[in-house]
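Enquirer:
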Amino acid sequence: MKKRITPGCILITGAGGDIGSALALSYAKPGNILALTDIDTLRLKKISDLCSSAGANVISAEIDVTQSRMLADWIIDVDNQYPIDLVIANAGIVSSIGNKSEPESWKRIKKVFDTNLYGVLATVTPLINRMQERKKGQIAIMSSLSAYRGLPLIPAYSASKASLKVYGEALRGALAKDNIGVSVICPGFIKSLMSDQFPGPKPFMLSAEQAANIIVSSLSKNQARVSFPFPLNLGAWFYSIIPAGLSDLLLNFSAFKKLKQLD
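Each number in this note's numbering comes from the position in the sequence shown (counting from 1) with 159 added on.
(1) What is the C-beta distance between V224 and A194, in whole angstroms, given that I count them as a contact (C-beta under 8 Å)?
(2) Could you name the residues of the same chain whose beta carbon sits closer than 8 Å to that of S379, not counting the 5 residues immediately before and after it, in chain order?
(3) Pop quiz: A306 and A321 are said to be a contact at Cβ under 8 Å. What is the actual Cβ separation, rounded to whole angstroms?
(4) Please report the Cβ distance between A215 and N191, rounded to the nearest whole angstrom; I am assuming they are in contact, meaning their Cβ atoms lie under 8 Å.
(5) Would you identify the three-state DSSP class for L409, choosing helix, strand or coil?
(6) Could you tell me the distance, in whole angstroms, from the CA atom of V341 to the CA atom of Q297?
(7) From this set, A220, Y316, L286 and Y241, which residue's C-alpha is nearest E263's C-alpha?
(8) At 3 residues or longer, and completely inside the stretch 194 to 270: list those beta strand (DSSP E) runs for me, N to C.
(9) Could you pull the start and end residues of the beta strand (DSSP E) that L393 belongs to?
(10) So what's P285 in DSSP terms, helix, strand or just coil?
Next up, the structure:
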């Protein structure tokens, strides 16, 4: 049986969010070092205190992942003190077209990509060379099932997550020779403040704790792709392979029927 990976120093961005907090608590054990960052001071302090109470050594910093230089400086500082075994690039935001089908503004689209795509790249890039030198490490990238087939209610979000999925898949192949694992996490709907902003239907929703359990278990096995729950994973794959016209028809019917109910 292949030995499971047990990281000792874990860095998590977006640690104050629902999934980020659940992940942090899952790794909060005596002897573990958690480097946590979030843009929300109060939520970051809350999860940091909880993880400390669980016995973990916590290093936290309020950083916006779009501030790439500040983020890189902090990551390198942490890595110099405690070599990071696992980085979970989790920070992200969502944007939708709204109940009246208004197009997303350029300002909002840019913010989504700056956070979801470039914020993730800014998180993992400072660690790649360092992990290569150590010949070990693990990178987890938070994508979404919407990466398989863009959802009409969240165009910018879907596109940003699709970019992450492809990047993570490519990076896994590129870093395999250096004994660095890369996993792309593609969850469906998770009960969170972010999912509350999504105006469409949210089938098979899981709690943040359920999602964290699946993610932690999968990362311990260095799974290339962590896609869940199964029914939505199957549906996302199905929509990605059927003719575009049919998937458009089905997705638009579901999405805009829900919007009419919200009017």
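Where a beta carbon is used, it is the ideal one built from N, C-alpha and C, also for glycine.
Expert: Considering the structure as presented:
(1) Residue 224 sits at position 65 when you count from the first residue of the sequence shown. Residue 194 sits at position 35 when you count from the first residue of the sequence shown. Wrong, their Cβ atoms sit about 13 Å apart, outside the cutoff.
(2) Locating residue 379 in the sequence shown gives position 220, where the first residue counts as 1. Cβ within range, chain order: R163, I164 and T165.
(3) One-based indexing of the sequence shown puts residue 306 at position 147. One-based indexing of the sequence shown puts residue 321 at position 162. Between A321 and A306 the Cβ distance is about 4 Å, and since that is below 8 Å, they are a contact.
(4) Stepping through the sequence shown from its first residue, residue 215 is reached at position 56. Stepping through the sequence shown from its first residue, residue 191 is reached at position 32. Indeed, because the Cβ distance is near 5 Å, the residues count as touching under 8 Å.
(5) Translated into the one-based positions of the sequence shown, residue 409 becomes position 250. L409 falls in the helix class under three-state DSSP.
(6) As a working note, residue 341 is residue 182 in the sequence shown. As a working note, residue 297 is residue 138 in the sequence shown. Annotation: V341 to Q297 spans about 6 Å, alpha carbon to alpha carbon.
(7) Here residue 263 corresponds to residue number 104 of the sequence shown, with the count starting at 1. Ranking the options by Cα distance to E263, first place goes to Y316.
(8) The qualifying runs are 216 to 221 and 245 to 248.
(9) For the purposes of this step, residue 393 is identified with residue 234 of the sequence shown, where counting begins at 1. From DSSP, L393 is part of no beta strand (DSSP E) but of the alpha helix (DSSP H) over F389 to I400.
(10) The residue you call residue 285 lines up with position 126 of the sequence shown. Here P285 sits in helix by DSSP.
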